[in-house]
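Chemist: First to last, the sequence lines map onto chains G and P. Position in the first sequence counted from 1, then plus 36, gives you the working numbering. Under the working numbering, the second sequence has 100 at position 109, and the numbering climbs by one with no breaks.
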Amino acid sequence: MPTEGQQKLLEELKNSLTRALPEGRITSGDYARTGCHLEVRLSDAGMRRIAMVMKDNRFYLETITAVDFPGSFELIYFYSTCHDDICRVIARIQILKDATPHTVSAVYPGAIWLEREIYDFFGIRFLDHPDLRRLLNPDDADYFPLLKTFGKTKLTEEIDDILC
Amino acid sequence: MLNIKTIDDTSINERVYQLNLGPQHPSTHGVLHLLLKLDGEVVVAAEPIVGYSHRGHEKMAENRIWEQFLPNTSRIDYLSGLIYNQGYCMALEKLCGIEVPERAEYIRVITSELNRISSHLLGIMAFVMDIGAFTPFLYGFDDREHVLDLLERVTGSRLTYCYNRFGGVRNDIDQEFCDGTRRFIARLRGRFKDYHNLITENIIFIKRTRGVGIITEETALEFGVTGPSLRGSGVNYDVRKNEPYSIYPEFDFEIPVRKEGDVMARYQVRMAEMEQSMNIIEQALDNLPQGPVRSHVPRFIDPPAGDIYFAFESARGAVGYYIVSDGTRIPYRIKVRTPSFSNLFVLTRVLPGNFIADAIATLGSIDVVVPEIDR
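(1) Beta strand (DSSP E) containing P:Glu104: first to last residue?
(2) Could you spell out where the beta strand (DSSP E) holding P:Arg328 opens and where it closes?
(3) For P:His20 and chain G, any beta-carbon pair shorter than 8 angstroms?
(4) In the structure shown, what three-state DSSP assignment does P:Glu234 receive?
(5) Can you list, in chain order, the residues of its chain whose CB lies under 7 angstroms from that of G:Gly146, leaving out five sequence neighbours each side?
(6) Given a limit of 8 angstroms on CB to CB distance, which residues of the region 91 to 106 of chain P reach chain G?
(7) Run down chain P in chain order and give the residues with a C-beta less than 8 angstroms from the C-beta of G:Asn173.
(8) Tell me which residues share the same chain as P:Phe332 and place their Cβ nearer than 7 angstroms to its Cβ, disregarding the 5 neighbours each side in the sequence.
(9) Between which two residues does the beta strand (DSSP E) holding P:Gln9 run?
(10) Okay, do the region 161 to 180 of chain P and the region 97 to 116 of chain P touch, 3+ Cβ pairs below 8 angstroms being the bar?
(11) Taking only heavy atoms of the ligand FAD into account, decide whether any of them is closer than 7 angstroms to the Cβ of G:Asp196.
(12) Under 8 angstroms between beta-carbons, which chain P residues line up against G:Ile122? List them in chain order, please.
(13) Would you kindly work out how many angstroms separate the C-alpha atoms of G:Tyr115 and G:Thr70, rounded to a whole number?
(14) Can you pull out the residues from the region 264 to 298 of chain P whose beta carbon lies closer than 8 angstroms to at least one beta carbon of chain G?
(15) Taking the runs of the alpha helix (DSSP H) that are 4 residues or longer, which of them lie wholly in the region 171 to 202 of chain P?
(16) Assuming P:Ser305 contacts P:Pro330 under a Cβ cut-off of 8 angstroms, what Cβ separation, rounded to an integer in Å, is found between them?
(17) Inspect the beta-carbon positions of P:Leu285 and P:Arg249 and report whether they are closer than 8 angstroms.
(18) Answer yes or no: do G:Lys184 and G:Asp104 have a C-beta to C-beta separation smaller than 8 angstroms?
(19) So, are the CB atoms of P:Phe303 and P:Ile74 less than 8 angstroms apart?
(20) Does the region 309 to 321 of chain P touch the region 65 to 84 of chain P, meaning 3 or more C-beta pairs lie closer than 8 angstroms?
(21) Measuring straight from C-alpha to C-alpha, what distance separates P:Arg324 and G:Tyr179?
(22) Just the chain P side, please: which residues come within less than 7 angstroms of G:Leu246 by C-beta, in chain order?
(23) DSSP three-state call for G:Ser141: helix, strand or coil?
(24) Would P:Arg261 be called buried (16 or more neighbouring beta carbons within 10 Å of its own) or exposed?
(25) By the 10 Å Cβ neighbour count, where 16 or more other Cβ atoms means buried, how is P:Arg6 classified, buried or exposed?
(26) Please classify P:Ile299 as buried or exposed, where buried requires at least 16 other C-beta atoms within 10 Å of its C-beta.
(27) Does the distance from the CB of P:Ser220 to the CB of P:Thr207 come in under 8 angstroms?
(28) Who are the neighbours of G:Phe114 on chain P, taking C-beta pairs under 8 angstroms?
(29) Within 10 angstroms of the Cβ of P:Met(-8), are there 16 or more other Cβ atoms? Answer buried if so, exposed if not.
(30) Give a yes or no on whether 8 angstroms exceeds the smallest Cβ distance from P:Arg424 to chain G.
(31) With a CB to CB cut of under 6 angstroms and the five nearest residues on each side skipped, what residues in its chain are close to P:Phe242?
(32) Using a Cβ-Cβ cut-off of less than 8 angstroms, give me the residues of the region 124 to 147 of chain G that come near chain P, in sequence order.
(33) For P:His48, report the span of its alpha helix (DSSP H) as first-last.
(34) What residues in the region 202 to 231 of chain P have a beta carbon less than 9 angstroms from any beta carbon of chain G?
(35) Would a C-beta distance cut-off of 8 angstroms place P:Gly72 and P:Leu189 closer than the cut-off?
(36) Can you pull the chain G neighbours of P:Glu49, defined as C-beta to C-beta under 8 angstroms?
Dropping the structure here:
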């Protein structure tokens, strides 16, 4: 059950998010099942505005990740508070495979490495990123390891079939 | 406005020279490469270069069944493997709705907290050795040996544990383990006096750490710093308290916080945290319930389609598993949020303007585990 402070925080946050992102879809998350209190679905242009709203509310950026779905990537931003009223907000952005989303590193400098990692593993290029290079893979690598097409051979597909 | 200095910075003139610290260097804690730009003794810019021990755990996860990824988790951060083990099991138990017997939860907390103590002992002592004190390192490793012996007794391994299972733990603990743990706690409490004499009150240590490598609260939040490094900067945030998981709400323990944000503050937080871990273990041993240690779970688990973010506190900070399941026996995506990743990146902001000797102290005080960053 959310505490009183949590509920107040969530209400305030919902209001300021609706003001800043009229086009975004804000839903309450099922914390017991998914571990998040608030879920926001938005378009590419909204990710900087949401980052600014979260920073004003003293949230920190836990991590950013991407998931390779057929036909599109989903970029996922995890924001969380670091005080007693814990509140985790997940912002999801569906982008096309060749899209170049905006960076949030101007708002959260910690995102510089997080976005570099996503570029490194998925090949997603962030617009206006100050330092978009490989991070964990070799500088001269010509592959993006976390794409679902990477490393798939006939043998691995057969193994997958057996396992499933 | 960003003021992070990267290596392409144009403010560099011929007075400035580059120093490659690592990837093989005694004070870099694993294969970490730190590219420093120096003006005399002063650091102008610092750039950590990581990836030397990248093994592709996240890709491996997509090529094996849920159970097979379990041993991988303890190799992400090899110093707090049991905590990562516990977190992965708890995330999947939440996703699948698996019940865990109470005794198993207690055993998980006892082993995880022992693991936290062993990790902090290594972290602190290696850090103290970095800034020139060799003796405490040997004392610390002597104590750590006792923890490893205890954990070896129940888990069968000394470093890369794989003890937690979905729905509980692999095997029960015995009376000898409980007695040994109590003896170890009594012993470590006595040793703390020596540590404070040797390190905390040592004038050289104080001069090397007070007011050095300050991370302000603002910077810490911008960079997503967590764990003892964040609590050393005055933020009272520990996942065990703020977002309780397992049976942590049942224990009476405090979260040590220091306001200074310097190297000394981070050291003091770690020392105090070990004492709190000992309190938790004692309470858990006192209230250890009887019963099974593992609930009945099918040999292969089939989580429903969906996703979950599960956060927990390792020895270095807030860890998060983001798990996407498409309803098959193979994970669709597992993302691990590792604390060292953000904790190391903050050095690009903290180091410039400091002396190179202080840079070593700052790096040691953050207590990074490089395989955790590289994954």
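Note that beta-carbon positions come from the ideal geometry of N, C-alpha and C, so glycine has one too.
Modeler: Looking at the atomic coordinates:
(1) Not the beta strand (DSSP E): P:Glu104 falls in the alpha helix (DSSP H), residues 93 to 121.
(2) 324 to 328
(3) no
(4) coil
(5) Leu97
(6) none
(7) Gly42, His45
(8) Ile364
(9) 7 to 12
(10) yes
(11) The ligand FAD is not part of this structure, which contains no ligands at all.
(12) Asn233, Glu234
(13) 14 angstroms
(14) Gly297, Asp298
(15) 194 to 200
(16) 6 angstroms
(17) According to the sequence shown, residue 285 of chain P is Arg rather than Leu. Not a contact, by the Cβ cut-off of 8 angstroms.
(18) yes
(19) yes
(20) yes
(21) 18 angstroms
(22) A question about residue 246 of chain G goes unanswered here, because the residues of chain G that appear run from 37 up to 200.
(23) coil
(24) buried
(25) exposed
(26) buried
(27) no
(28) Tyr300, Gly311, Tyr313, Arg328
(29) Any reading at P:Met(-8) is ruled out, since the residue's pLDDT is 41, under 50, leaving its predicted position unreliable.
(30) Examination of residue 424 of chain P is not possible in this model, given that chain P is present from -8 through 366 alone.
(31) Ile271, Gln274
(32) Arg124, Ile126, Ser141, Ala142, Tyr144, Pro145, Gly146
(33) 48 to 52
(34) Thr210, Ala211, Leu212, Glu213, Phe214, Gly215, Val216, Thr217, Leu221, Val226, Asn227, Tyr228, Val230
(35) no
(36) Phe157, Leu182
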